[in-house]
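> Numbering (my numbering), first residue to last: 1 to 593. Got a structure here, written out as structure tokens. Questions coming.
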């Protein structure tokens, strides 16, 4: 009963189904007792009414039977409402909890599985809700009461009860063997659905690339192969499910035949009346009814285990506490890396004993070859990545520590890729906040010259943006919306990750002017190869092979980064290396421009 979801927590999955209230159990008991009304009336009609021609008694029995039928229908409707409401509450509670856990999980945790897998996991909540609020669960609720019907068959027909008992045992054996096969088929189908969903999401996300490269035939062939495999798995599940239902129908008919045959022998022998035979036949069918209906939804019961496992996988995601973050009032914006070592997976260390201090109000530019850890440093400051060794501090707080969400309120991140959400431009700038956030968003748009372009749009700030429509906006405008969104946060630390790569000269100049205005007021750490931005920095650090070197070409009078690099020879080597790096950066920027 625990596994079937009668209200106790599943020890394997941790999914807590909606509990069945006492009212549901009491109403189920009453419904099953009322179901005895028709067999009892049949028994009286055959054994007493017909032999004695008692029409008055017959009328009373019919009246009583009508009352029983009305009560039965009323109780079933009320029970369905109670169970349905409990299932709706379960769906709301579980979906809210799991989506919150999904949103609060670290990017690394989310990226362990493709998007289609996460989508399928969330859809599994619907499967659980349909079971917990549908007739399938009510059938399982009725199962314990079949012993009432078996007991009454024994009272009326004696040994006739052996027939339904034997058929129930046969049904149980068939269900066990078929259930194992169905569960395996459902698990395979769920895995194939994950692949299919991931492919569809991938195709929709890259639809412009597919169109520009004329890849429609190749993508369709890929989907056809996925669909073919999925259709084969679905076919096997359907065939097996239909086989189970067919066997159930055969057992039902066989039960009626055997009850009538055994009862007829007892009637001939004088130990059972004709009315008793009719009553036993009806009671036998009523006893098997929950099992036979259960056979018809057996596929759903196996899907339930798969869905429960999928929901449990979401519950196992390591997510941060979902409490409201609190801004740290005395945060100054000091950033320090202390002997940080970090590697992705089992590979070589990307950062090795890396140390760096960024003072409050300082602007630091990071340069260096691609893949040497510049963006990784920014992710560590945001707390998205934790070092394998060493520590990353923002003031006295560890970046990936207990106050990570609080620190996030004072860290603004400008990524290289523009990501907009469904809503208006203003809502994307404010991140759907109201009040002062609107004024800050407009001010940020004015700072970088974005407001002028927004006013050229027919609906201005109220222009609707979605994942599809946003692609119709110029790429540079989309990127500037992301930049203004970060500036509008009024954060004490600004992280800039190649966010100006797609901007034209005018937009880049406006952005540079805005950063110049902010310089000295907030801490700015910028990853860029554009000389226009690098020249603004107080220090320029070249990241190579997990080490930081001061670049003297753009910052001739700055402090050394690492104490061990303070010797004259090391300083000269660092200078030469930095000059080479920045000449490369200038050449790359000139080519991009």
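For each residue, glycine too, the CB sits at the ideal point set by N, CA and C.
Quick check on residue 92: buried or exposed, where buried means 16 or more other Cβ atoms within 10 Å of its Cβ?
Reading the chain shown from its first residue, position 92 is the one you call residue 92. Label assigned to residue 92: exposed.
> Could you tell me which whole beta strand (DSSP E) segments of length 3 or greater appear in the stretch 470-528?
Counting only runs of 3 or more, we get 493-497 and 523-527.
> Taking residue 269 as the reference, which of 509, 433, 157 and 122 has the closest Cα?
Residue numbering aside, residue 269 sits at position 269 when the chain shown is read from its first letter. Nearest option by C-alpha distance: 157.
> Which same chain residues, not among the five before or five after residue 94, have their C-beta less than 6 Å away from its C-beta?
Position 94 of the chain shown, counted from the first residue, corresponds to residue 94. Hits under 6 Å: 125.
> With a threshold of 7 Å on Cβ separation, who are the neighbours of residue 286 within its own chain once the five nearest residues in sequence on each side are excluded?
Start at 1 with the first residue of the chain shown, and residue 286 comes out as number 286. The residues are 35 and 149.
> Can you tell me whether DSSP reads residue 555 as helix, strand or coil?
Position 555 of the chain shown holds residue 555. Residue placement at residue 555 is flagged as unreliable, the pLDDT there being 48, under the threshold of 50; a coordinate-derived value is accordingly withheld.
> Which residue marks the beginning of the beta strand (DSSP E) containing residue 340, and which one marks its end?
For the purposes of this step, residue 340 is taken as residue 340 along the chain shown, with counting starting at 1. Run containing residue 340: 335-342, per the beta strand (DSSP E) assignment.
> Taking the alpha helix (DSSP H) that residue 193 belongs to, which residues open and close that run?
Looking up residue 193 in the chain shown gives position 193. It spans 162-205 - the alpha helix (DSSP H) in which residue 193 sits, taken as one unbroken run.
> Out of 449, 444, 448 and 473, which has the shortest C-alpha to C-alpha gap to residue 458?
By one-based count along the chain shown, residue 458 stands at place 458. Ranking the options by Cα distance to residue 458, first place goes to 473.
> For residue 391, report the span of its beta strand (DSSP E) as first-last.
As a first step, residue 391 is located in the chain shown; it is residue number 391 there, counting from the start. Its beta strand (DSSP E) spans residues 389-394.
> According to the Cβ coordinates, are residue 522 and residue 491 closer than 8 Å?
Here residue 522 refers to the residue found at position 522 of the chain shown. Here residue 491 refers to the residue found at position 491 of the chain shown. Their beta carbons are under 8 Å apart, which means residue 522 touches residue 491 by this criterion.
> Residue 90 and residue 46 - do their beta-carbons sit closer together than 8 Å?
Taking the first residue of the chain shown as 1, we reach residue 46 at position 46. Taking the first residue of the chain shown as 1, we reach residue 90 at position 90. In this structure, residue 90 does not lie closer than 8 Å to residue 46 by Cβ.
> Do you know how far the Cα of residue 341 is from the Cα of residue 349?
Within the chain shown, the letter at position 349 stands for residue 349. Within the chain shown, the letter at position 341 stands for residue 341. Each residue's Cα considered, the two are about 7 Å apart.
> Just to confirm before moving on: does the CB-CB distance between residue 516 and residue 495 stay below 8 Å?
On the chain shown, position 516 is the one that residue 516 refers to. On the chain shown, position 495 is the one that residue 495 refers to. Result no, Cβ atoms of residue 516 and residue 495 do not sit closer than 8 Å.
> Keeping to the same chain, check which residues put their C-beta closer than 8 Å to that of residue 332; ignore five residues upstream and five downstream.
The count along the chain shown starts at 1 and reaches residue 332 at position 332. Closer than 8 Å at Cβ, skipping near neighbours: 360, 395 and 492.
> How is residue 372 classed by DSSP in three states: helix, strand or coil?
Numbered from its first residue, the chain shown carries residue 372 at position 372. It is coil, neither helix nor strand.
> Determine the direct distance from the alpha carbon of residue 312 to that of residue 13, and round the result to whole angstroms.
Counted from its first residue, the chain shown places residue 13 at position 13. Counted from its first residue, the chain shown places residue 312 at position 312. Its pLDDT being 49, under 50, residue 13 is placed unreliably by the model, and the measurement read from it follows with that caveat. Cα to Cα, residue 13 sits roughly 5 Å from residue 312.
> Answer yes or no: do residue 284 and residue 163 have a C-beta to C-beta separation smaller than 8 Å?
For this step, residue 284 is matched to residue 284 along the chain shown. For this step, residue 163 is matched to residue 163 along the chain shown. Result yes, Cβ atoms of residue 284 and residue 163 sit closer than 8 Å.
> Give the secondary structure of residue 404 by DSSP, where H, G and I count as helix, E and B as strand, and everything else as coil.
Here residue 404 corresponds to residue number 404 of the chain shown, with the count starting at 1. Of the three classes helix, strand and coil, the one that applies to residue 404 here is helix, per DSSP.
> With DSSP as the reference, label residue 421 as helix, strand or coil.
Numbered from 1 along the chain shown, position 421 holds the residue referred to as residue 421. Three-state result, residue 421: coil.
> Return yes when the Cβ of residue 368 is within less than 8 Å of the Cβ of residue 530, no when it is not.
Here residue 530 refers to the residue found at position 530 of the chain shown. Here residue 368 refers to the residue found at position 368 of the chain shown. For residue 530 and residue 368, no; Cβs fall outside 8 Å.
> So does residue 36 have its beta carbon nearer than 7 Å to some heavy atom of the ligand MG?
In the structure shown, the ligand MG is absent, as is every other ligand, since no ligand is present at all.
> Would you call the stretch 189-201 and the stretch 222-238 in contact, with 3 or more CB pairs under 8 Å?
Yes, since at least three Cβ pairs between the stretch 189-201 and the stretch 222-238 fall closer than 8 Å, the two stretches touch.
> Would residue 81 and residue 102 be called neighbours here (beta carbons separated by less than 8 Å)?
The sequence position of residue 81 within the chain shown is 81, counting from 1. The sequence position of residue 102 within the chain shown is 102, counting from 1. No, the pair does not count as a contact, with Cβ atoms beyond the cut-off.
> Following the continuous beta strand (DSSP E) through residue 352, name the residue where it begins and the one where it ends.
Working through the chain shown from its first residue, we reach residue 352 at position 352. 351-358 is the span of the beta strand (DSSP E), which, as asked, contains residue 352.
> Helix, strand or coil: how does DSSP classify residue 442 here?
Position 442 of the chain shown, counting from 1, holds the residue named residue 442. Looking at residue 442 - three-state DSSP - the assignment turns out to be helix.
> If you run the structure through DSSP and keep just helix, strand and coil, what is residue 398?
By one-based count along the chain shown, residue 398 stands at place 398. Correct three-state label for residue 398: strand.
> Less than 8 Å between the CB atoms is what I'm expecting for residue 75 and residue 30, so what's the real figure, rounded?
Taking the first residue of the chain shown as 1, we reach residue 75 at position 75. Taking the first residue of the chain shown as 1, we reach residue 30 at position 30. The pair is a contact, with the Cβ atoms about 6 Å apart (cut-off 8 Å).
> At the level of alpha carbons, what is the spacing between residue 128 and residue 19?
To locate residue 128, count along the chain shown from 1; it is residue 128. To locate residue 19, count along the chain shown from 1; it is residue 19. C-alpha separation (whole angstroms): 13 Å.
> Does the contact criterion of 3 or more C-beta pairs under 8 Å hold for the stretch 401-416 versus the stretch 371-383?
Yes: the two stretches touch, three or more of their Cβ pairs being nearer than 8 Å.
> When DSSP labels each residue in this structure, what does residue 382 get in the three-state scheme?
Translated into the one-based positions of the chain shown, residue 382 becomes position 382. Three-state DSSP puts residue 382 in a helix.
> According to DSSP, is residue 364 helix, strand or coil?
Taking the chain shown and counting its residues from 1, the one referred to as residue 364 is at position 364. Three-state DSSP puts residue 364 in a strand.
> Terminal residues of the continuous alpha helix (DSSP H) containing residue 456?
Your numbering for residue 456 matches position 456 in the chain shown. Per DSSP, residue 456 belongs to the alpha helix (DSSP H) from 450-456.
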